[in-house]
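Novice:
Protein chains: 2
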Amino acid sequence: MGWEQELGEADRMWRTYIEMAKHLGSHLQQHLQRECDLSAADFEVLVRLTESERREMPVAEVAAATQWEKSRLSHQLTRMAQRGLVERVDSDDRRYPDVRLTDKGYAAINKAVPEHTEMVHALFVDVLGPERLAGFAQACADVLRALDEHRERDCSL
Amino acid sequence: MGWEQELGEADRMWRTYIEMAKHLGSHLQQHLQRECDLSAADFEVLVRLTESERREMPVAEVAAATQWEKSRLSHQLTRMAQRGLVERVDSDDRRYPDVRLTDKGYAAINKAVPEHTEMVHALFVDVLGPERLAGFAQACADVLRALDEHRERDCSL
DNA sequence: TGGGCCGGGTTGATACATCAACCTGAAAAC
DNA sequence: GTTTTCAGGTTGATGTATCAACCCGGCCCA
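Top line first, the protein sequences correspond to chains G and C. All residue numbers in the first sequence are consecutive under the numbering used here, ending with 162. All residue numbers in the second sequence are consecutive under the numbering used here, ending with 162.
1. Which residue or residues does DSSP assign as beta-bridge partners of C/Pro63?
2. In chain order, what are the residue ranges of uninterrupted alpha helix (DSSP H) at least 4 long that sit wholly in the stretch 72–103 of chain G?
3. Taking any Cβ of chain C, which residues in the stretch 21–45 of chain G have a Cβ under 7 Å from it, in chain order?
4. Across the stretch 65–80 of chain G and the stretch 130–146 of chain G, are there enough close Cβ pairs to call them in contact, namely three or more that are closer than 8 Å?
5. Would you mind stating whether C/Asp98 and C/Met62 have Cβ atoms separated by less than 8 Å?
6. Distance cutoff 8 Å, beta carbons only. Does G/Asp103 sit that close to anything in chain C?
7. I'd like the list of long-range same chain contacts for G/Gln81, defined as Cβ closer than 7 Å, with 5 residues on each side in sequence excluded.
8. Measure the alpha-carbon distance for G/Ile23 versus C/His28 and round it to whole angstroms.
9. Determine the extent of the alpha helix (DSSP H) in which C/Phe48 is found, giving its start and end residues.
10. Does the Cβ of G/Thr83 have 16 or more other Cβ atoms within 10 Å, making it buried, or fewer, making it exposed?
11. Taking the alpha carbon of G/Glu154 as the reference point, which residue from C/Val132, C/Met18, C/Arg39, C/Phe48 has its own alpha carbon closest?
12. Less than 8 Å separating the beta-carbons of G/Leu90 and G/Lys109?
13. Can you name the start and end residues of the alpha helix (DSSP H) that G/Glu14 belongs to?
14. Does C/Glu123 come out as helix, strand or coil in the three-state DSSP assignment?
15. Straight-line CA distance for G/Asp147 to C/Val94?
16. Output yes if chain C places a C-beta closer than 8 Å to the C-beta of G/Asp147; else output no.
17. For G/Ala112, is the classification buried or exposed, using 16 other Cβ atoms within 10 angstroms of its Cβ as the cut-off for buried?
18. With distances taken Cα to Cα, identify the nearest neighbour of C/Arg53 among C/Leu78, C/Leu128, C/Glu120.
19. So, is G/Arg100 buried or exposed, given that buried needs 16 or more other C-beta atoms within 10 angstroms?
20. Confirm, please, whether the CB-CB distance from G/His121 to G/Leu37 is below 8 Å.
21. Quick one, which of G/Leu128, G/Gln143, G/Glu92 has its alpha-carbon nearest C/Glu129's?
22. Could you give the distance in angstroms between the alpha-carbon of C/Ala70 and the alpha-carbon of C/Ala15?
23. Could you check whether the Cβ of G/Ala139 sits closer than 8 Å to any Cβ belonging to chain C?
24. Once DSSP output is grouped into helix, strand and coil, what is the label at G/Glu58?
25. Going by alpha carbons, who is nearest to G/Pro119 out of G/Met18, G/Leu33, G/Arg20, G/Arg17?
26. Buried or exposed: which applies to G/Arg156, given that a residue is buried once 16 or more other Cβ atoms fall within 10 Å of its Cβ?
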């Protein structure tokens, strides 16, 4: 043994971040589930669909927006369709069907978004305040950039 | 529609955080899976077990450390036991068995931790630098505190 | 001493994530 | 015009997360 007792400052800060991310995520998720009967996955798909004027878009577009694997999305859409939140509709190219938000799905997301947003503000935005929030977001952006660079290096090997 | 086009600064910053958390988490997870054949859940359990001198502790202690539900932990331990990473051993009180790190589990975690730590430094700690890291961690701690307070209010209703 | 209580653990069912294999039909190649 | 190719979608299998139901052995109490 040995290393695990010798956590430096930086590692403890990393753990603080992990703790925060875990708790914040599960809190928001549980709220969504209990109050709106939506999983985080449901919520994400529904939000993307509202970003289309016609409440309908190609599956590939949802996949691009969510950055999910195609199979994950397909399974998710099957479950959501069974629960009546969305429906698959054929488009001109029969290979690539569209997904449409049903009225039920529309009602669900319109109830969920304001509640979710309120929660995000209460637990995150308002806690940090404008300046610290900006700094925090900048830090996140920097980490994201580092991740992209790292991924590029990995691919070029 | 309407609200979804009117994202304020704060909401875009929230999304930046969500993006970062998602990418960073999945990157670390994939690395762990590919290089060490460990899931994030495996990793967490193994780390907690190394925090005991004897590589062994009561299930309840692991549950407390990870803050997992008892059933989640039980399922996880079953799978890890099947793969030979841990084993359940009876303690004096037959109701509450202990979990012990096997040699295979010990080897796995000793390979994984340094790699994981290196990755965390490369992608997070070193990207932010000492001052910004401290600010970031402080922000996380504040959000955590807000979460705790919020949860208390919820319970007292 | 022999019920019944009770806290912690396990099990089962369902939802979600991931990987690999497969299907499908439009468009390219011939 | 037939064959090939191929991007994108679906399906199945396995691992993981969560909830509810159940089990079990020590403890309390009569």
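Glycine included, each C-beta is placed from N, C-alpha and C at the ideal position.
Specialist: The structure says:
1. As a position in the second sequence, residue 63 of chain C is number 58, starting the count at 1. Paired residue(s): C/Asp103.
2. 75–87
3. Thr21, Tyr22, Glu24, Met25, Ala26, His28, Leu29, His32
4. no
5. By 1-based counting over the second sequence, the position of residue 98 of chain C is 93. By 1-based counting over the second sequence, the position of residue 62 of chain C is 57. The answer is no: Cβ separation not under 8 Å.
6. Sequence index remark: in the first sequence, residue 103 of chain G carries index 98 (1-based). Judged by the 8 Å Cβ criterion, G/Asp103 is not in contact with chain C.
7. Mapped onto the first sequence, residue 81 of chain G falls at position 76. Excluding positions up to five away in sequence, the list reads Ala46, Val50.
8. Counting from one through the first sequence, the residue named residue 23 of chain G turns up at place 18. Counting from one through the second sequence, the residue named residue 28 of chain C turns up at place 23. Approximately 13 Å between the Cα atoms of the pair.
9. Residue mapping note: residue 48 of chain C aligns to position 43 of the second sequence, counting from 1. Unbroken alpha helix (DSSP H) run through C/Phe48: 45–55.
10. Against the first sequence, residue 83 of chain G aligns to sequence position 78. Label assigned to G/Thr83: exposed.
11. Mapped onto the first sequence, residue 154 of chain G falls at position 149. It is C/Val132 whose Cα lies nearest to the Cα of G/Glu154.
12. Your numbering for residue 90 of chain G matches position 85 in the first sequence. Your numbering for residue 109 of chain G matches position 104 in the first sequence. In contact: G/Leu90 and G/Lys109 (Cβ atoms closer than 8 Å).
13. Within the first sequence, the letter at position 9 stands for residue 14 of chain G. Run containing G/Glu14: 14–41, per the alpha helix (DSSP H) assignment.
14. As a first step, residue 123 of chain C must be located in the second sequence, where it is residue number 118. In this structure, C/Glu123 counts as helix in the three-state DSSP scheme.
15. For the purposes of this step, residue 147 of chain G is taken as residue 142 along the first sequence, with counting starting at 1. For the purposes of this step, residue 94 of chain C is taken as residue 89 along the second sequence, with counting starting at 1. Using only the alpha carbons, I get a separation of about 46 Å.
16. Residue numbering aside, residue 147 of chain G sits at position 142 when the first sequence is read from its first letter. At least one chain C Cβ lies under 8 Å of G/Asp147.
17. For the purposes of this step, residue 112 of chain G is identified with residue 107 of the first sequence, where counting begins at 1. The residue in question, G/Ala112, is exposed, as its Cβ has fewer than 16 Cβ neighbours within 10 Å.
18. Here residue 53 of chain C refers to the residue found at position 48 when the second sequence is read from its first residue. Closest option to C/Arg53, Cα to Cα, is C/Leu78.
19. The residue given as residue 100 of chain G occupies position 95 in the first sequence. G/Arg100 comes out exposed.
20. Within the first sequence, numbered from 1, the residue matching residue 37 of chain G stands at position 32. Within the first sequence, numbered from 1, the residue matching residue 121 of chain G stands at position 116. Cβ atoms of G/Leu37 and G/His121: closer than 8 Å.
21. As a working mapping, residue 129 of chain C is identified with position 124 in the second sequence. Checking the sequence, you will find Phe at residue 129 of chain C rather than Glu. Among G/Leu128, G/Gln143, G/Glu92, the Cα nearest to that of C/Phe129 belongs to G/Gln143.
22. Stepping through the second sequence from its first residue, residue 70 of chain C is reached at position 65. Stepping through the second sequence from its first residue, residue 15 of chain C is reached at position 10. Each residue's Cα considered, the two are about 33 Å apart.
23. For the purposes of this step, residue 139 of chain G is taken as residue 134 along the first sequence, with counting starting at 1. So yes, G/Ala139 belongs to the interface.
24. In the first sequence, residue 58 of chain G corresponds to position 53, counting from 1. Coil at G/Glu58, not helix or strand.
25. In the first sequence, counting from the first residue as 1, residue 119 of chain G sits at position 114. Selected option, being the one with the closest Cα: G/Leu33.
26. Within the first sequence, the letter at position 151 stands for residue 156 of chain G. It counts as exposed.
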